[in-house]
Amino acid sequence: MAIAPIEEAKLSYILFEWVEFLVRWLHVVAGIAWIGSSFYFIALDLSLLNRKSIPKEAHGEAWQVHGGGFYQIVKYLVAPEKLPSQLTWFKWEAYATWISGFLLLILVYYISADLYMIEIEKFDISNLEAISISLIGIILGWVLYNYICKKTVNKNNIMLSIFILLVFTFFSWLYFQVFSHRGAYMQIGSMLGTIMVANVLMIIIPGQKKVVQSLLKNKKPDSIHGITAKQRSLHNNYLTLPVIFIMISNHYPTIYATDYSWIIISLIIIVGALIRQFFNIKHSGKKPPYFLWVPVFMIILVSVYLSDIGKPNLTSKDESSNLIIMKIPKDLLLASEEIIVSKCSMCHAKEPLWENMQHSPKLVNLENVNDLIKNIEGVYSQAVISYAMPPGNVTVLENSERKTLNDLYKIVKKL
Ligand code: HEC
13 MAIAPIEEAK
23 LSYILFEWVE
33 FLVRWLHVVA
43 GIAWIGSSFY
53 FIALDLSLLN
63 RKSIPKEAHG
73 EAWQVHGGGF
83 YQIVKYLVAP
93 EKLPSQLTWF
103 KWEAYATWIS
113 GFLLLILVYY
123 ISADLYMIEI
133 EKFDISNLEA
143 ISISLIGIIL
153 GWVLYNYICK
163 KTVNKNNIML
173 SIFILLVFTF
183 FSWLYFQVFS
193 HRGAYMQIGS
203 MLGTIMVANV
213 LMIIIPGQKK
223 VVQSLLKNKK
233 PDSIHGITAK
243 QRSLHNNYLT
253 LPVIFIMISN
263 HYPTIYATDY
273 SWIIISLIII
283 VGALIRQFFN
293 IKHSGKKPPY
303 FLWVPVFMII
313 LVSVYLSDIG
323 KPNLTSKDES
333 SNLIIMKIPK
343 DLLLASEEII
353 VSKCSMCHAK
363 EPLWENMQHS
373 PKLVNLENVN
383 DLIKNIEGVY
393 SQAVISYAMP
403 PGNVTVLENS
413 ERKTLNDLYK
423 IVKKL
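Converting from the sequence shown to the working numbering requires adding 12 to each position, the first position being numbered 1.
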């Protein structure tokens, strides 16, 4: 079947989607490279053995097999006999992840701050104000974290971690009071991600550079660089899983958009750290601490419970979209309502008629004009500008009907 182009599906919109998607692609790939190499080095470090055969100033050795060849890796903590002329640094993965992530933050969140960050019922601010509050938080998060770490570098790491977790729980709560649920989630993700990259850029790499310079001059490097780098690497190690969790959660409203989603962030930070702990111990060759999966499972159950009790109270009434609805031509409104009722609502309803469907997919209800206006952006991207919905066009949504939804979208956008 030839697919007729949707009238006025603007090239600029399609181009924008492409740009956003390409940046997302880069972000995911850079993130995989970064996290992959960091997971690799942690596991490698933990598997090192101090064999007799290795050079006397070496710290440990590992043998690995991969891709048809054998690798013998030797780790030095102090100056090896001769420093090689060529050293591979691992830093661009982290930087590329941050740069593409920040671009994505601009493309998705800052450009559409009114949609994804601001919730006027919580805090009625302009886009520019929302963006400023976000940027200040990202910078402040790092400054505060860095200050706490510097003050406590030789102290108890567990107390430090608990303290940092409490500080971030406070930030999550704060941003949930200021931003929309989705905006607050991405804000915390951006703050944590920035801390991880800044740890690499401002602490770990400069420290390593100083160590290399001392070694080149045949001097004994200051041990503080090693200690700080180790502390920050440890934090990055434990933050990896929670940050990825937050980054991919934005298509799961039951996780990010309930009253207690800010607590869920902190719980997931604990879960992520416990899972990392399990694998760290396992990779070091010790008996894996299987009992750690008990608290992991229990905390996830608590999170599910929090999602449930934090969901909107459906018995309370709201009038928000009524004003908009009154300004839309009646015939267009009726035609659009008929389309969603006949082509979408068998799935997108509180009690879907679609076989085996327990609730509306992605919690998008499309049962009446109110629902339609609330979800107009989603309807536009899923059913007007693309053929994503209905899935496989099961309910045979005609192009003329997509055009009607397009007309509605344009009018709503103008209001
Ligand atoms: C046969 C069932 C079915 C029908 C009919 C259907 N949808 Fe969906 N819809 C789904 C499913 C399943 C998902 C979740 C897709 C996913 O997981 O990415 C979804 C997701 C969505 C989303 C959210 C997308 C996101 O990722 O945020 C929107 C918006 C949407 N549908 C709009 C529509 C519109 C508009 C129609 C009617 C023109 C429609 N759907 C008809 C099953 C359906």
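The beta-carbon is built from N, C-alpha and C at its ideal position, and this holds for glycine as well.
Remember, it's a predicted structure, so these values are computed and weren't measured experimentally.
Contact defined as beta carbons within less than 8 Å: I believe residue i pairs with residue j. What is the distance between those atoms, to the nearest angstrom?
i	j	result
PRO402	LYS355	6 Å
LEU95	LEU228	6 Å
VAL165	THR240	6 Å
ILE280	SER315	7 Å
GLU73	LEU61	6 Å
LEU119	VAL31	7 Å
ILE287	LEU253	6 Å
SER357	GLU389	Contact flag wrong, Cβ pair sits at about 18 Å.
ILE176	TYR159	Going by Cβ atoms, the distance from ILE176 to TYR159 rounds to 11 Å, so no, they are not a contact pair.
SER296	LEU115	The pair is not a contact, with the Cβ atoms about 38 Å apart (cut-off 8 Å).
LYS339	LEU409	Their Cβ separation, rounded to whole angstroms, is 26 Å, which puts LYS339 and LEU409 out of contact at 8 Å.
PRO265	LYS374	7 Å
Which same chain residues, not among the five before or five after residue i, have their C-beta less than 6 Å away from its C-beta?
i	result
PHE102	SER49
ILE150	SER202, MET203 and THR206
MET208	ASN248 and LEU251
ASN418	VAL396
GLN84	TRP75
ILE277	SER184 and ILE200
VAL86	ILE66, ALA70 and GLU73
PRO233	VAL223 and SER226
TYR187	ALA196 and GLN199
TRP366	MET358 and CYS359
Among the residues of its own chain, which have a CB less than 8 Å from the CB of residue i, if the five just before and after it don't count?
i	result
SER173	HIS247, TYR250 and ALA285
THR416	LEU344, ALA347, SER348 and ILE351
PRO17	At PRO17 the pLDDT is 45, less than 50, meaning the model places this residue with poor confidence; the figure from the coordinates comes in the next sentence. Taken in chain order, the list of residues that qualify is empty.
GLU19	For GLU19, the predicted structure reports a pLDDT of 48, less than 50, and the residue's modelled location is therefore unreliable. The matter cannot be settled from this model.
TYR25	ILE397
ALA210	TRP154 and ASN158
MET214	ASN158
MET13	No answer about MET13 holds up, because its pLDDT of 35 lies below 50 and its placement is not dependable.
GLY238	LEU89, GLY219 and VAL223
So who's on the other strand from residue i, going by DSSP bridges?
i	result
ILE351	ILE351 is not bridged to any residue.
LEU61	GLU73
Measuring only between beta-carbons, confirm whether residue i sits less than 9 Å from chain C.
i	result
LYS355	No chain C appears in the structure shown, which is made up of a single protein chain.
Taking the continuous alpha helix (DSSP H) assigned at residue i, which residues delimit it?
i	result
LYS415	411 to 426
LYS87	Looking at the DSSP string, LYS87 is not in any alpha helix (DSSP H); the run it does join, the beta strand (DSSP E), is 81 to 88.
LEU147	139 to 163
HIS263	Taken as a continuous stretch (DSSP letters only), HIS263 belongs to no alpha helix (DSSP H), as it is neither H nor E.
ASP126	125 to 128
VAL306	305 to 321
PRO218	217 to 228
LEU378	Where LEU378 is concerned, there is no enclosing alpha helix (DSSP H), given that its DSSP letter is neither H nor E.
ALA285	273 to 295
TRP104	104 to 116
MET198	193 to 210
MET214	From DSSP, MET214 is part of no alpha helix (DSSP H); its letter is neither H nor E.
TYR399	That residue, TYR399, is in no alpha helix (DSSP H); it is neither H nor E in DSSP.
Hey, quick one: how far does the beta strand (DSSP E) through residue i stretch, first residue to last?
i	result
GLN76	70 to 78
Between the beta-carbon of residue i and the beta-carbon of residue j, is there less than 9 Å?
i	j	result
GLN289	ASN169	no
LEU99	VAL224	yes
ILE137	ILE148	no
TYR272	GLY195	no
ARG36	SER112	yes
PHE191	PHE135	yes
ILE293	SER184	no
VAL212	TYR107	yes
TYR421	TYR392	yes
ASN360	ASN382	Sequence check: residue 360 is His here, not Asn. Cβ atoms of HIS360 and ASN382: not closer than 9 Å.
HIS11	GLU131	The displayed coordinates of the chain run from 13 to 427. Any statement about residue 11 would go beyond what the structure contains.
TRP154	THR109	no
PRO324	THR270	yes
MET259	GLY43	yes
Suppose the cutoff is 7 Å on Cβ atoms and the five residues either side in sequence are ignored; what does the same chain contact list for residue i look like?
i	result
SER261	TYR197, ILE267 and TYR268
VAL308	VAL283, LEU286 and ILE287
ILE143	TYR122 and ALA125
LEU304	LEU286, GLN289 and PHE290
LEU127	GLU389
VAL77	none
LEU384	SER348, GLU349, ILE352, LEU378 and VAL391
PHE257	ILE280 and GLY284
Cβ of residue i within 8 Å of any heavy atom in the ligand MG?
i	result
ILE174	This structure lacks the ligand MG; its bound ligands are the ligand HEC.
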